[in-house]
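Trainee: Residues in the sequence shown are numbered consecutively from 1, following UniProt numbering.
The beta-carbon is built from N, C-alpha and C at its ideal position, and this holds for glycine as well.
Would you mind keeping the following structure in view while I ask a few things?
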Amino acid sequence: MKTRAAVAFEAGKPLEICDVDLEGPRAGEVLVEIKATGVCHTDAFTLSGDDPEGAFPAILGHEGAGVVVDVGPGVSSLKPGDHVIPLYTPECRECDFCLHPKTNLCQSIRETQGRGVMPDGSSRFSLDGKPILHYMGCSTFANHTVMPEIALARVREDAPFDKICYIGCGVTTGIGAVAFTMKVEPGSTVAVWGLGGIGLNVIQGAKMVGASRIIGVDINPDKVALAKKFGMTDFVNPKEVDDVVGHLVEITGGGLDYTFECIGNVNTMRQALEACHKGWGESCIIGVAGAGQEISTRPFQLVTGRSWKGTAFGGARGRTDVPKIVDWYMDGRINIDDLITHTMPLDDINKAFDLMHAGESIRSVVLY
Ligand code: NAD
Ligand code: DAO
Ligand code: ZN
Ligand code: ZN
């Protein structure tokens with residue numbers, strides 16, 4: 001079949017809207033009509049050329065929601081008409097990682113997904129007979145995509161696609177980092193570096209679990225109003241403070257119980273670790289740093305009881321946890337609507353990247 005897609009032909013160039021060829025689902029695969037997709041910082045990171053796994057031409061996008069159109073042989077958990085959220089972190093429920101209680105990093109299709117192909121090693125997308133790569137196993141910047149069954153979470157049918165698509169990455173990453181990865185306890189103090197599409201979800205996660213103080217750190221003061229609405233109690237602008245770590249340690253009487261880096265900057269990762277309380281503070285890296293970059297701190301920071309952790313997709317096991325997070329949204333426990341600041345048709349998708357780079361959007365959502 002033909003489907004309309006935004007194709008990344010090469011790094012650093014705008015996406016091009018094309019009618020591409022899409023082959024139907026093979027064994028264990030599912031054809032999905034994407035109804036809405038968010039545009040995440042990680043798509044921009046890959047398009048920039050900084051992503052070591054980034055390969056072109058590709059159809060980017062990993063934060064979608066849609067409807068099952070067709071299933072390949074052997075697919076048993078999904079049928080046409082089911083509403084689904086694509087998962088860039090699949091959940092096969094069989095591999096050593098899925099069976100281990102401490103990780104969500106299913107490895108069953110990791111190698112092929114990282115190369116931009118389906119588990120059988122081939123791509124379903126092509127243009128003029130030449131293959132176009134998949135991206136993060138999802139490729140939601142196409143009106144239709146083919147995905148492995150194990151990388152689709154079935155969700156309730158009354159949930160709006162234009163909101164729940166954000167659960168496919170940003171919402172789950174931020175809230176999950178707090179609730180699943182770090183298991184922040186009620187009454188904890190929390191600081192969040194970067195008040196963007198991920199950091200604001202960390203803030204609402206921290207509020208949801210009952211954190212007593214939630215400090216936001218960002219160089220853009222325009223983010224303050226929304227961050228306060230989501231639960232931020234204090235704001236620190238590094239441009240107005242000489243020593244961010246010293247300032248945070250001082251205003252918290254010794255440092256934070258938990259910190260989260262949601263920027264992808266190795267200097268702020270160090271700040272977030274060193275602003276943790278001596279003896280027990282724990283820092284979580286969420287931001288993805290550029291290829292070849294390294295983090296550093298004095299080892300004594302860890303010797304004296306601070307811990308450095310990281311999270312992918314908020315530690316969520318997608319097929320199990322994503323439907324629950326959709327329920328949290330539908331029950332009014334989490335706010336997604338106020339984070340979706342812009343919507344646009346696929347033809348205008350490059351505007352979503354411009355808005356992101358200008359710091360004007362939290363989330364842009366493309367509606368098909
Ligand atoms: P964003 O661009 O929406 O937000 C980044 C924020 O950081 C902005 O508000 C910006 O003003 C602020 N900022 C930039 N430099 C700063 C500095 N030096 N000090 C303080 N604030 C600064 O980005 P996002 O969509 O929220 O994504 C954040 C990071 O999370 C990215 O690196 C993205 O790739 C990563 N990410 C990780 C996962 C995961 O599973 N680990 C999932 C999704 C996204
Ligand atoms: O299993 O080795 C692995 C990696 C899984 C990929 C997880 C990616 C998480 C961070 C990228 C940002 C997501 C938008
Ligand atoms: Zn993302
Ligand atoms: Zn698995």
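Would you mind listing the beta strand (DSSP E) stretches within the region 211-262 that are 3+ residues and don't spill past its ends, in chain order?
Mentor: Whole beta strand (DSSP E) segments, 3+ residues: 213-217, 234-236, 258-261.
Trainee: For residue 333, count neighbouring C-beta atoms within 10 Å of its own C-beta (all shown protein chains included) and say buried if the count is 16 or more, exposed if not.
Mentor: Within the sequence shown, the letter at position 333 stands for residue 333. The residue in question, residue 333, is exposed, as its Cβ has fewer than 16 Cβ neighbours within 10 Å.
Trainee: Where does residue 48 fall in DSSP's three states?
Mentor: The residue you call residue 48 lines up with position 48 of the sequence shown. Correct three-state label for residue 48: helix.
Trainee: To which residues does DSSP link residue 125 through a beta bridge?
Mentor: For this step, residue 125 is matched to residue 125 along the sequence shown. The partner list for residue 125 (beta bridge, DSSP) reads 22, 132.
Trainee: Can you name the residues that DSSP bridges to residue 86?
Mentor: To locate residue 86, count along the sequence shown from 1; it is residue 86. Its beta-bridge partners are 152.
Trainee: Among residues of its own chain, excluding the 5 on either side of residue 233, which ones have a beta-carbon nearer than 8 Å to its beta-carbon?
Mentor: Numbered from 1 along the sequence shown, position 233 holds the residue referred to as residue 233. Cβ within range, chain order: 213, 214, 215.
Trainee: Could you give the distance in angstroms between the alpha-carbon of residue 264 and the alpha-carbon of residue 286?
Mentor: Position 264 of the sequence shown, counted from the first residue, corresponds to residue 264. Position 286 of the sequence shown, counted from the first residue, corresponds to residue 286. Taking the straight line from one Cα to the other gives about 7 Å.
Trainee: Sorted by chain position, which residues of the same chain lie with C-beta nearer than 6 Å to residue 138's C-beta, five sequence neighbours on each side aside?
Mentor: The count along the sequence shown starts at 1 and reaches residue 138 at position 138. Excluding residues within five positions, the ones whose Cβ falls inside 6 Å are 62, 86, 88.
Trainee: Report buried or exposed for residue 239, applying the criterion of at least 16 other Cβ atoms within 10 angstroms of its Cβ.
Mentor: On the sequence shown, position 239 is the one that residue 239 refers to. Under this definition residue 239 is an exposed residue.
Trainee: Going by alpha carbons, who is nearest to residue 209 out of 201, 189, 222, 185?
Mentor: Stepping through the sequence shown from its first residue, residue 209 is reached at position 209. Here the closest residue by C-alpha is 185.
Trainee: Here's the rule I'm using: 16 or more other beta-carbon atoms within 10 Å means buried, otherwise exposed. How should residue 1 be labelled?
Mentor: Against the sequence shown, residue 1 aligns to sequence position 1. Burial call: exposed.
Trainee: Using 8 Å as the threshold, is the C-beta distance between residue 368 and residue 36 below it?
Mentor: Along the sequence shown, read from residue 1 onward, the residue named residue 368 stands at position 368. Along the sequence shown, read from residue 1 onward, the residue named residue 36 stands at position 36. Against a cut-off of 8 Å, the Cβ pair of residue 36 and residue 368 comes out as a contact.
Trainee: Is it right to say residue 300 is buried, meaning 16 or more other beta carbons lie within 10 angstroms of its own, or is it exposed?
Mentor: Position 300 of the sequence shown holds residue 300. Burial call: exposed.
Trainee: Given residue 144, which residues of its chain have a CB within under 6 Å of its CB, disregarding the five upstream and five downstream residues?
Mentor: The residue labelled residue 144 in the question sits at position 144 within the sequence shown. Excluding residues within five positions, the ones whose Cβ falls inside 6 Å are 3, 22, 33.
Trainee: Cutting at 7 Å between CB atoms, please list the residues of its own chain near residue 229, excluding the five before and the five after it.
Mentor: In the sequence shown, residue 229 corresponds to position 229, counting from 1. The answer, listed in chain order, is 338.
Trainee: Along the beta strand (DSSP E) that carries residue 29, what are the first and last residues, could you check?
Mentor: On the sequence shown, residue 29 is found 29 positions in, with the first residue counted as 1. Start and end: 29-39.
Trainee: What residues match up with residue 282 in a beta bridge as DSSP calls it?
Mentor: In the sequence shown, counting from the first residue as 1, residue 282 sits at position 282. According to DSSP, which records beta bridges pairwise, residue 282 is partnered with 258, 307.
Trainee: Determine whether the beta carbon atoms of residue 206 and residue 217 lie at a separation below 8 Å.
Mentor: Residue numbering aside, residue 206 sits at position 206 when the sequence shown is read from its first letter. Residue numbering aside, residue 217 sits at position 217 when the sequence shown is read from its first letter. Contact: no.
Trainee: Beta-carbon separation of residue 174 and residue 315 under 8 Å?
Mentor: By one-based count along the sequence shown, residue 174 stands at place 174. By one-based count along the sequence shown, residue 315 stands at place 315. No, the Cβ-Cβ distance between residue 174 and residue 315 is not below 8 Å.
Trainee: Residues in the same chain with beta-carbon distance under 7 Å from residue 276, minus the five sequence neighbours each way, listed in chain order, please.
Mentor: The residue given as residue 276 occupies position 276 in the sequence shown. 255, 256, 259, 282, 283, 306.
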